[in-house]
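Asks:
Chains as they are written, first to last, in the working numbering: chain F, 1 to 227; chain A, 1 to 227.
1) Name the residue from 191/F, 137/F, 31/F and 90/F whose alpha carbon lies nearest to the alpha carbon of residue 79/F.
2) So which residues on chain F does residue 29/A lean against when the C-beta distance must stay under 7 angstroms?
3) Here's a check: name, in chain order, each residue in its chain whose Cβ is nearer than 7 angstroms to the Cβ of residue 174/F, leaving out the five neighbours to either side.
4) My understanding is that residue 150/F touches residue 137/A, with C-beta atoms under 8 angstroms, so please give their C-beta distance in whole angstroms.
5) If the cut is a Cβ gap below 7 angstroms, which residues of chain F does residue 114/A touch?
6) Using the beta-carbon of each residue, which ones in chain A are nearer than 7 angstroms to residue 135/F?
7) Is residue 215/F helix, strand or coil when you go by DSSP?
8) Return the CA-CA distance between residue 215/F and residue 170/F, expressed in angstroms with no decimal places.
9) Based on the DSSP secondary-structure assignment, which residues constitute the bridge partners of residue 264/F?
10) Rounded to whole angstroms, what is the Cα-Cα separation between residue 70/F and residue 223/A?
11) Which chain A residues sit within Cβ distance under 9 angstroms of residue 48/F?
12) Going by the beta-carbon positions, is the gap between residue 99/F and residue 201/F smaller than 7 angstroms?
13) If we count the other Cβ atoms within 10 Å of its Cβ and call it buried at 16 or more, is residue 178/A buried or exposed?
14) Between residue 108/A and the rest of its own chain, which residues show a CB-CB distance below 6 angstroms, the 5 nearest in sequence each way excluded?
15) State yes or no: is the beta carbon of residue 140/A nearer than 7 angstroms to at least one beta carbon in chain F?
16) Which value, in whole angstroms, describes the spacing of the CA atoms of residue 45/A and residue 103/A?
17) Of the residues that make up the stretch 169-180 of chain A, which ones have a beta carbon closer than 8 angstroms to any beta carbon in chain F?
18) Could you have a look at residue 120/F and say whether DSSP puts it in helix, strand or coil?
19) Output yes or no for whether 7 angstroms exceeds the beta carbon distance between residue 160/F and residue 121/F.
20) Please compile the residues from chain A whose C-beta is within a distance smaller than 9 angstroms of the C-beta of residue 146/F.
21) Tell me whether residue 136/A sits in a helix, a strand or coil according to DSSP, three-state version.
22) To the nearest angstrom, report how far apart residue 196/F and residue 119/F are at their CA atoms.
23) Report the rounded CA-to-CA distance for residue 38/F versus residue 53/F, giving the unit in angstroms.
24) Within 10 Å of its beta-carbon, does residue 154/F have 16 or more other beta-carbons around it, so buried, or fewer, so exposed?
25) Who does residue 160/F pair with in a DSSP beta bridge?
26) Would residue 88/A and residue 131/A qualify as a contact pair, given that the criterion is a beta-carbon distance under 7 angstroms?
27) Below 7 angstroms CB to CB, which residues in the same chain sit around residue 182/A once its five sequence neighbours on both sides are set aside?
28) Residues of chain F with CB closer than 7 angstroms to the CB of residue 110/A, please, in chain order.
29) How many Å lie between residue 135/A and residue 158/F at the Cα?
30) Can you list, in chain order, the residues of its chain with a C-beta nearer than 7 angstroms to that of residue 92/A? Leave out the 5 residues immediately preceding and following it.
31) Take the Cβ of residue 114/F as the centre, count every other Cβ of all protein chains shown within 10 Å, and call the residue buried at 16 or more, exposed below.
32) For residue 13/A, does the count of other Cβ atoms within 10 angstroms reach 16, so buried, or fall short, so exposed?
33) Here's a check: name, in chain order, each residue in its chain whose Cβ is nearer than 6 angstroms to the Cβ of residue 9/A, leaving out the five neighbours to either side.
34) For residue 36/F, decide whether its Cβ has a neighbour in chain A, counting only Cβ atoms nearer than 7 angstroms.
35) Starting from residue 88/F, find everything on chain A with Cβ-Cβ shorter than 8 angstroms and list it in chain order.
36) Using DSSP bridges, identify the partner residues of residue 232/F.
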């Protein structure tokens with residue numbers, strides 16, 4: 001029987017490539033998406049559904065964890081705080097960090113995986129070439145896997161897979177193109193939902209990745225973006 | 001300045017005693033409650049609010065994680081499945097297990113703790129004298145603390161405290177009485193919300209604890225309960 005996995009699919013480039021990888025490895029894929037009151041919630045949900053349709057995957061779960069917006073502490077969920085647009089600063093956690101967001105997301109993925117009988121959870125976390133969020137570090141996922149060994153029923157086994165964790169954004173672009181991932185359907189911008197702003201950390205990292213890979217980013221950006 | 005902590009307060013006896021302990025240790029306490037579509041959701045929420053009022057704690061957060069009911073896999077959230085009433089069977093995980101529930105709950109507690117600046121999370125998990133849920137084992141909490149060391153910003157530190165993990169239910173009853181915890185306001189029954197059933201695992205464990213402590217349980221039980 002085909003092994004099942006859950007892919008955490010935000011609708012961004014990285015999670016789209018993680019989906020493509022899980023499919024290429026022969027998994028029977030179920031897709032999980034989270035709405036958490038982030039600025040581009042609706043646009044990301046559209047990207048999620050577009051990518052699911054592209055792959056004809058109907059095992060989908062969309063979970064509302066708007067409590068993360070109520071809890072606050074992030075410019076990504078709080079419109080009164082500004083999102084950084086000056087580029088990633090090494091060693092500094094940007095205001096867009098959502099406290100322990102990935103812990104919340106993985107826990108939901110684990111609950112669903114237990115019920116589905118999935119043996120793996122794919123997440124497109126990137127450590128080096130990223131915004132510097134603590135819950136995107138490889139060690140976090142290593143420890144989460146140890147937690148799962150301790151906290152699941154003894155006859156169950158679920159492994160978190162982070163196939164992109166040490167890749168550069170350029171590597172991810174190249175891998176996506178190689179796997180025919182629908183990068184044109186993805187959305188990465190933190191603050192706009194019609195044309196990407198081109199200046200938030202997420203846009204900058206993405207644009208630089210495409211530039212370094214020598215490939216044109218297929219999505220629309222606002223005119224006069226600095227890259 | 002007084003250290004802050006978050007207490008996970010379901011409204012049951014164990015979490016009530018965990019609250020009493022956190023207060024007795026001098027913490028500035030914030031209370032977290034989760035609705036997850038369990039059978040006695042409303043009754044547990046009442047117990048939570050009653051206990052908060054008793055202690056005059058106004059820093060409260062109630063989070064709806066009804067997605068756990070949607071995900072399913074448990075008789076506690078699925079009315080079409082029966083709750084065990086024959087007593088705990090050693091080595092067997094009962095149908096009331098909610099897949100990875102405590103991972104979900106702790107993750108929310110961590111997100112809130114980060115924003116509050118709390119340094120500890122109290123949870124009334126009990127390992128031995130319990131229903132045998134894998135996410136109530138001490139090792140699960142040890143590993144969760146390691147996860148927090150890896151997954152939080154480097155300048156933050158949050159510790160999960162499980163002060164009841166190795167206590168018997170009788171010990172917990174005695175400790176609650178000693179600390180003047182409002183055990184009369186707590187609710188433990190898995191299936192009834194007016195008078196406790198007396199026969200579900202949770203009622204049985206509770207009643208045996210009171211019996212062994214030689215103290216009368218102050219809440220109401222249905223007539224003819226077998227203990």
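Yeah, the Cβ is synthetic: ideal placement off N, Cα and C, and Gly gets one too.
Replies: Reading it off the structure:
1) Here the question's residue 79/F lines up with position 79 in the first chain. It is 191/F whose Cα lies nearest to the Cα of residue 79/F.
2) Residue 29/A sits at position 29 when you count from the first residue of the second chain. Ordered by position in chain F, no residue passes the 7 angstroms Cβ test against residue 29/A, which lies about 17 angstroms from the chain.
3) If you number the first chain from 1, residue 174/F lands on position 174. Result list for residue 174/F: 213, in chain order.
4) Looking up residue 150/F in the first chain gives position 150. Looking up residue 137/A in the second chain gives position 137. That belief holds up - the Cβ atoms of residue 150/F and residue 137/A are roughly 7 angstroms apart, short of 8 angstroms.
5) Indexing the second chain from 1 puts residue 114/A at position 114. The answer, in chain order, is 73, 99 and 100.
6) On the first chain, position 135 is the one that residue 135/F refers to. Those are 151, listed as they occur along chain A.
7) The residue labelled residue 215/F in the question sits at position 215 within the first chain. Assignment of residue 215/F by DSSP, reduced to helix, strand and coil, places it in the coil class.
8) The sequence position of residue 215/F within the first chain is 215, counting from 1. The sequence position of residue 170/F within the first chain is 170, counting from 1. Answer to the nearest angstrom: the Cα atoms are 9 angstroms apart.
9) The question about residue 264/F has no answer, for chain F in this structure spans 1 to 227.
10) The sequence position of residue 70/F within the first chain is 70, counting from 1. The sequence position of residue 223/A within the second chain is 223, counting from 1. If you take the alpha carbons of residue 70/F and residue 223/A, they lie about 43 angstroms apart.
11) In the first chain, residue 48/F corresponds to position 48, counting from 1. At a beta-carbon threshold of 9 angstroms, none of the residues of chain A lie near residue 48/F; the nearest stands roughly 16 angstroms away.
12) Residue numbering aside, residue 99/F sits at position 99 when the first chain is read from its first letter. Residue numbering aside, residue 201/F sits at position 201 when the first chain is read from its first letter. Contact flag unset, no.
13) Locating residue 178/A in the second chain gives position 178, where the first residue counts as 1. Classification for residue 178/A: exposed.
14) As a position in the second chain, residue 108/A is number 108, starting the count at 1. Only 63 meet the Cβ criterion.
15) Within the second chain, numbered from 1, the residue matching residue 140/A stands at position 140. Closer than 7 angstroms: yes.
16) Taking the second chain and counting its residues from 1, one reaches residue 45/A at position 45. Taking the second chain and counting its residues from 1, one reaches residue 103/A at position 103. Their Cα atoms are separated by approximately 20 angstroms.
17) Within the stretch 169-180 of chain A, not one residue has a Cβ closer than 8 angstroms to any Cβ of chain F.
18) Reading the first chain from its first residue, position 120 is the one you call residue 120/F. Judged by DSSP in its simplified three-state form, residue 120/F adopts strand.
19) Within the first chain, numbered from 1, the residue matching residue 160/F stands at position 160. Within the first chain, numbered from 1, the residue matching residue 121/F stands at position 121. In this structure, residue 121/F lies closer than 7 angstroms to residue 160/F by Cβ.
20) Walking along the first chain from the start, residue 146/F turns up at place 146. Here the neighbours are 143, 146 and 147.
21) The residue labelled residue 136/A in the question sits at position 136 within the second chain. DSSP, reduced to helix, strand and coil, places residue 136/A within a helical segment of the structure shown.
22) Mapped onto the first chain, residue 196/F falls at position 196. Mapped onto the first chain, residue 119/F falls at position 119. Residue 196/F and residue 119/F: Cα-Cα distance of roughly 36 angstroms.
23) As a working note, residue 38/F is residue 38 in the first chain. As a working note, residue 53/F is residue 53 in the first chain. So the alpha carbons of these two residues sit roughly 23 angstroms apart.
24) Here residue 154/F refers to the residue found at position 154 of the first chain. Label assigned to residue 154/F: exposed.
25) Sequence index remark: in the first chain, residue 160/F carries index 160 (1-based). Residue pairing for residue 160/F: DSSP places it in a beta bridge opposite 121/F.
26) Position 88 of the second chain, counted from the start, is the residue given in the question as residue 88/A. Position 131 of the second chain, counted from the start, is the residue given in the question as residue 131/A. Closer than 7 angstroms, so yes.
27) Start at 1 with the first residue of the second chain, and residue 182/A comes out as number 182. Cβ within range, chain order: 16, 51 and 54.
28) Numbered from 1 along the second chain, position 110 holds the residue referred to as residue 110/A. Within 7 angstroms Cβ-Cβ: 100 and 103.
29) Within the second chain, the letter at position 135 stands for residue 135/A. Within the first chain, the letter at position 158 stands for residue 158/F. Distance between the alpha carbons of residue 135/A and residue 158/F is about 14 angstroms.
30) For this step, residue 92/A is matched to residue 92 along the second chain. 132, listed in sequence order.
31) Counted from its first residue, the first chain places residue 114/F at position 114. If you draw a 10 Å sphere on the C-beta of residue 114/F, you find 16 or more other C-beta atoms in it, and that means buried.
32) Taking the second chain and counting its residues from 1, the one referred to as residue 13/A is at position 13. By the 10 Å Cβ count, residue 13/A comes out buried.
33) For this step, residue 9/A is matched to residue 9 along the second chain. Closer than 6 angstroms at Cβ, skipping near neighbours: 15, 19, 31, 33 and 48.
34) By 1-based counting over the first chain, the position of residue 36/F is 36. Chain A contact via Cβ: absent.
35) Translated into positions along the first chain, residue 88/F becomes position 88. Chain-order list of chain A residues neighbouring residue 88/F: empty, with the shortest C-beta distance near 16 angstroms, by a criterion of under 8 angstroms.
36) Coverage of chain F is limited to positions 1 through 227, which leaves residue 232/F absent and any answer about it impossible.
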